[in-house]
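In full-length UniProt numbering, the protein residues as written are 1 to 307.
To keep things clear, I will list the structure first and then write my remarks on it.
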């Protein structure tokens with residue numbers, strides 16, 4: 001693509017526009033710069049709120065995929081790719097899911113997480129290859145993340161995902177983007193021009209982070225990874241999380257710390273199982289069967305026992 005054509009395309013993007021509110025930001029004091037940043041950031045949740053129906057439609061597809069043994073796969077370049085990898089990496093410790101259930105792919109591979117390999121985004125073949133390397137199937141959901149909505153790496157990945165039969169999703173911060181035209185579903189929050197023109201790690205990145213939080217958190221809740229608003233499938237992999245496991249059992253059941261530790265020791269720090277045993281008085285094997293019969297939903301298992 002010629003430089004002139006690329007400039008022309010960028011001029012059409014909301015995310016690349018100049019923000020009239022910050023034209024004199026280089027003349028401001030530190031305090032006033034920060035106040036301007038904060039003012040602009042406050043507009044992001046409102047933009048996300050407008051696309052909640054689209055987010056909900058994607059969550060429903062993710063839940064359906066998980067229930068069939070499928071995966072959620074994020075792919076993007078630069079900041080967009082890093083945010084996808086971040087969200088994916090937090091799912092195993094938070095929800096005790098396998099590391100390959102939510103996958104983050106970034107143009108340029110793992111090295112791009114620490115240093116900029118921006119040229120990698122220009123190759124659609126890399127997007128296709130990345131999905132082939134993880135053996136993409138029709139059971140999966142692929143979310144292409146690109147603020148501009150025109151990143152070749154993401155376009156290549158989405159086109160390949162469609163050819164396989166996977167559900168495809170476009171997450172961009174520009175209306176009527178290229179990737180929105182490719183994908184089955186599109187989430188397009190419009191947060192407007194950035195404080196610094198084109199620095200889309202700012203408001204656009206914040207919008208992406210909020211939406212990725214919503215996609216995985218809502219999907220995990222829908223497949224039984226919470227009880228009330230407690231993370232009952234948390235994986236106690238360090239001292240802080242071991243303490244949190246005890247606290248969750250105490251909060252869910254009203255038991256003492258000693259009782260929480262006793263039942264967690266019996267279950268190998270399985271919080272969900274410990275809560276079920278403490279509330280219902282079940283033995284460990286009976287509780288395991290009850291949870292299995294309830295499809296992993298703790299509230300259902302408790303209700304079935306106490307009904």
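The beta-carbon is built from N, C-alpha and C at its ideal position, and this holds for glycine as well.
Please read these numbers as outputs of a predicted model, since none were measured by experiment.
Compute the distance between the beta-carbons of residue i and residue j, then report whether it is under 9 Å.
{"i": "residue 332", "j": "residue 124", "result": "Coverage of the chain is limited to positions 1 through 307, which leaves residue 332 absent and any answer about it impossible."}
{"i": "residue 19", "j": "residue 168", "result": "no"}
{"i": "residue 294", "j": "residue 224", "result": "yes"}
{"i": "residue 211", "j": "residue 171", "result": "yes"}
{"i": "residue 104", "j": "residue 89", "result": "yes"}
{"i": "residue 164", "j": "residue 138", "result": "yes"}
{"i": "residue 215", "j": "residue 143", "result": "yes"}
{"i": "residue 277", "j": "residue 268", "result": "no"}
{"i": "residue 95", "j": "residue 270", "result": "no"}
{"i": "residue 140", "j": "residue 222", "result": "no"}
Tell me, please, which residues DSSP counts as bridged to residue i.
{"i": "residue 144", "result": "75, 170"}
So what's residue i in DSSP terms, helix, strand or just coil?
{"i": "residue 134", "result": "coil"}
{"i": "residue 102", "result": "strand"}
{"i": "residue 47", "result": "helix"}
{"i": "residue 183", "result": "coil"}
{"i": "residue 66", "result": "helix"}
{"i": "residue 256", "result": "coil"}
{"i": "residue 123", "result": "coil"}
{"i": "residue 277", "result": "helix"}
{"i": "residue 357", "result": "With the chain represented from 1 up to 307, any question about residue 357 goes unanswered, as that position is not in the structure."}
{"i": "residue 18", "result": "coil"}
{"i": "residue 95", "result": "helix"}
{"i": "residue 297", "result": "coil"}
{"i": "residue 333", "result": "The question about residue 333 has no answer here: the residues shown for the chain are numbered 1 through 307."}
{"i": "residue 114", "result": "coil"}
{"i": "residue 268", "result": "coil"}
What does the Cβ neighbour count give for residue i, buried or exposed, with the cut at 16 atoms within 10 Å?
{"i": "residue 85", "result": "buried"}
{"i": "residue 272", "result": "buried"}
{"i": "residue 75", "result": "buried"}
{"i": "residue 254", "result": "exposed"}
{"i": "residue 50", "result": "exposed"}
{"i": "residue 180", "result": "buried"}
{"i": "residue 152", "result": "buried"}
{"i": "residue 281", "result": "exposed"}
{"i": "residue 189", "result": "buried"}
{"i": "residue 306", "result": "exposed"}
{"i": "residue 347", "result": "Nothing can be reported for residue 347, as the shown portion of the chain is limited to 1 through 307."}
{"i": "residue 226", "result": "buried"}
{"i": "residue 27", "result": "exposed"}
Checklist entry - Which residue spans inside the stretch 185-252 form an unbroken beta strand (DSSP E) run of at least 3? => result 185-187
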